[in-house]
Amino acid sequence: MTASDRSVQLVRIAAEAAADKLADDILAYDVSEQLVITDAFLLCSATNDRQVRAIVDEIEDRLRTEADVKPVRREGEREGRWVLLDYVDIVVHVQHEDDRTFYALERLWKDCPAIALPESVMQANLQRARS
C-alpha cells in the first residue's frame with residue numbers, strides 16, 4: 249500500500265506553500281505502510297517562531313483554497329516551536345530549526361519512501377541550504 253494520489257497532491261500543495269514562506273529542509277515521507285492513521289508526513293523547519301507561524305498560515309490557506317481541506321487538529325500553535333497540522337490523509341510538521349535538530353523526525357522515518365516534491369520546492373531547498 250502506498251500513499252493515495254490525493255495525499256501526494258496535498259503534500260505537494262503544502263510543500264509549495266512552505267517553500268513560498270522560505271521554509272528550510274522540506275521533506276515528505278510515505279508512511280502508509282507503517283501507520284494506519286495517515287498516508288504521509290511533510291516536515292519543514294524555520295529559523296524563528298514568527299516564521300513557523302507564517303509557514304503554518306500559508307499551508308493552511310493554500311490547502312483550503314486549492315484542495316478545499318481544513319486540518320482536523322492543530323497542535324503547538326501557541327508556542328510556535330513545533331506546529332502539527334493533521335489533515336487525516338497527511339500530517340504536516342513545521343518545526344523551529346532547534347527542535348527539528350533535537351527531535352530528528354527524519355531519522356525515525358528514514359526507512360519510509362520519500363515522496364517526490366515539485367521541482368520548485370527542491371530548488372528552494374537547494375538555495376536555502378547554500379545561504
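Note that the working numbering has the sequence shown beginning at 249, numbered continuously upward. Every residue gets a Cβ at the ideal spot worked out from N, C-alpha and C, and that includes glycine.
For D287, which of V300, R355 and T250 has the nearest alpha-carbon?
T250
Looking at the secondary structure, which residues open and close the beta strand (DSSP E) in which A288 lies?
A288 to A294
Count the other CB atoms, across all protein chains shown, that sit within 10 Å of the CB of R260; report buried if there are 16 or more and exposed otherwise.
buried
N296, buried or exposed, once every other Cβ within 10 Å from all chains shown has been counted against 16:
exposed
Restricting to Cα atoms, I'd like to know which of Q282, L258 and Y335 is closest to D359.
Q282
Based on Cα-Cα distance, which residue from L365, A271, A315 and V256 lies nearest to H341?
A271
Quick check on this structure: which residue in L333, S293 and D337 has the alpha carbon closest to the alpha carbon of A377?
S293
Return the CA-CA distance between R329 and Q257, expressed in angstroms with no decimal places.
26 Å
Completely contained beta strand (DSSP E) runs for the segment 338-379, where each covers 3 or more residues
338-344
Taking its Cβ as the centre, do 16 or more other Cβ atoms sit within 10 Å of Q343, making it buried, or is it exposed?
buried
My parser needs the alpha helix (DSSP H) runs of 4 or more residues fully inside the segment 258-338; what are they?
297-315
Same chain, Cβ closer than 6 Å to R348, five either side skipped, listed in chain order
S293
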